[in-house]
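Input: a single structure, listed below in structure tokens.
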Amino acid sequence: MEKITPKVDLAFKKIFGVEENKDLLISLINATVSPEDQVVDVTLLNPYNPKDFRGAKLSILDIKAVGETGKRFNIEIQITDEADYDKRALYYWAKLYTDQLKVSKDYSTLNKAIAIEHGPSCSIQIHS
């Protein structure tokens, strides 16, 4: 019988992406980010990035959350070395950042967006 590893999307989401394990998600974020980006609390967000128009691509993040100060987090687990993963990660980060800005809002209202990528080809660091 094979063991389920938290490196598998479904298990990762069940461990870190549910309200009852929010303390584990906070610990994961704080173990990964710099001291100035540490969080005390997070709110889980809908991981589906809505399509802005008919031809747009639907994207589904592993875990999307916002910290108590408004910082946005995308946490992804990737077990295979996928071609163009860096482009996908950057696209997800850009959506996380730009989706904050609503009509008639000033750019100064944008909060920092941080992508935390765990996997074999995840050597990039993305944040605003």
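Going by the working numbering, the letters in the sequence shown line up with residues 227 to 354, in that order. Idealized CB from N, CA, C, for every residue including glycine.
I need the DSSP call for residue i, collapsed to helix, strand or coil.
i    : result
L270 : strand
N337 : coil
A237 : helix
E228 : coil
R298 : strand
I252 : helix
A315 : helix
Nearest-angstrom Cα distance between residue i and residue j?
i    : j    : result
V259 : I301 : 11 Å
I318 : E228 : Going by the sequence as given, residue 318 is Tyr instead of Ile. If I take the Cα positions, the gap works out to 32 Å.
D278 : E262 : 32 Å
G296 : Y323 : 11 Å
R298 : T269 : 10 Å
Please go through the same chain and pick out, in chain order, the residues whose beta-carbon is closer than 6 Å to the beta-carbon of residue i, but skip the five residues on each side of it.
i    : result
G243 : I289
E343 : E302 and A315
L284 : K277
For residue i, which of the options has the nearest alpha-carbon?
i    : options                   : result
L316 : L287, I305, S330 and N337 : L287
N272 : D325, Q264, D310 and A282 : D325
With a threshold of 16 other CB atoms inside 10 Å of the CB of residue i, please say whether the residue is buried or exposed.
i    : result
L236 : exposed
G293 : buried
A339 : buried
N275 : buried
Q304 : buried
L254 : buried
Should residue i be listed as close to the ligand GDP, given that the test is whether its C-beta is under 8 Å from any heavy atom?
i    : result
N337 : In the structure on display, the ligand GDP does not appear, and there are no ligands present to speak of.
Kindly list the residues whose CB is nearer than 7 Å to the CB of residue i, restricted to its own chain and excluding five residues on each side of it in sequence; keep chain order.
i    : result
T355 : This structure cannot settle anything about residue 355, because the visible part of the chain is limited to 227 through 354.
K168 : The requested residue 168 is not part of the displayed model; the chain covers only 227 to 354.
A291 : L251, V268, T269, L270, L271 and F299
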